[in-house]
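Structure first, commentary second.
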Amino acid sequence: MAVCEVCNNDYEMSFEVHAAGAVHTFDSIECAAQKMAPVCDNCQCRILGHGLESDGQFYCCAHCAREQGVGRLMDHA
Ligand SMILES: [Zn+2]
Ligand SMILES: [Zn+2]
Numbered sequence: 000m001a002v003c004e005v006c007n008n009d010y011e012m013s014f015e016v017h018a019a020g021a022v023h024t025f026d027s028i029e030c031a032a033q034k035m036a037p038v039c040d041n042c043q044c045r046i047l048g049h050g051l052e053s054d055g056q057f058y059c060c061a062h063c064a065r066e067q068g069v070g071r072l073m074d075h076a
C-alpha cells in the first residue's frame, strides 16, 4: 500500500516510477501523467506519446513544433 503523491489516494494497486534518480508513487496513470508528462510548448497539452523535443522545449506534434518555428522536426512514424 502506498499513497499517491498527486492526489494522496491510498491505493493497494499504486505503483512507483523511477526517474532521474527519484522515486515517485502514483495510484493511476492519470496522476503519473499530471506529475511527469511534459507540456507542449505551443498548445499546453500533456504529451503522453513520444512527442518532440528541441532545445529543451517539448511539443506534442510536428504541427506545434512548426508553429513555434521548429521546422526541422518530424513526427515519429
Ligand atoms: Zn493519484
Ligand atoms: Zn501541441
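Heads up: the sequence shown begins at 0 in numbering that gives the first Met the number 0, then just goes up one per residue. Just so you know, even glycine gets a beta-carbon here, dropped at the ideal spot from N, CA and C.
What does DSSP give as the partner residues of residue i in its beta bridges?
{"i": "Arg45", "result": "Val38"}
{"i": "Ser27", "result": "DSSP lists no partner for Ser27."}
Looking at residue i: is its Cβ nearer than 9 Å to the Cβ of residue j?
{"i": "Lys34", "j": "Val2", "result": "no"}
{"i": "Ser53", "j": "Ala64", "result": "yes"}
{"i": "Leu51", "j": "Cys44", "result": "no"}
{"i": "Phe25", "j": "Val38", "result": "no"}
{"i": "Ala32", "j": "His23", "result": "no"}
Sorted by chain position, which residues of the same chain lie with C-beta nearer than 8 Å to residue i's C-beta, five sequence neighbours on each side aside?
{"i": "Gln56", "result": "Asp40, Gln67 and Val69"}
{"i": "Leu47", "result": "Ala32 and Ala36"}
Alpha carbon to alpha carbon, how far is residue i from residue j?
{"i": "Ala19", "j": "Asn8", "result": "24 Å"}
Give every residue of the same chain whose Cβ lies closer than 7 Å to the Cβ of residue i, excluding the five residues on either side of it in the sequence, and list them in chain order.
{"i": "Met0", "result": "Asp9 and Glu11"}
{"i": "Phe14", "result": "Phe25"}
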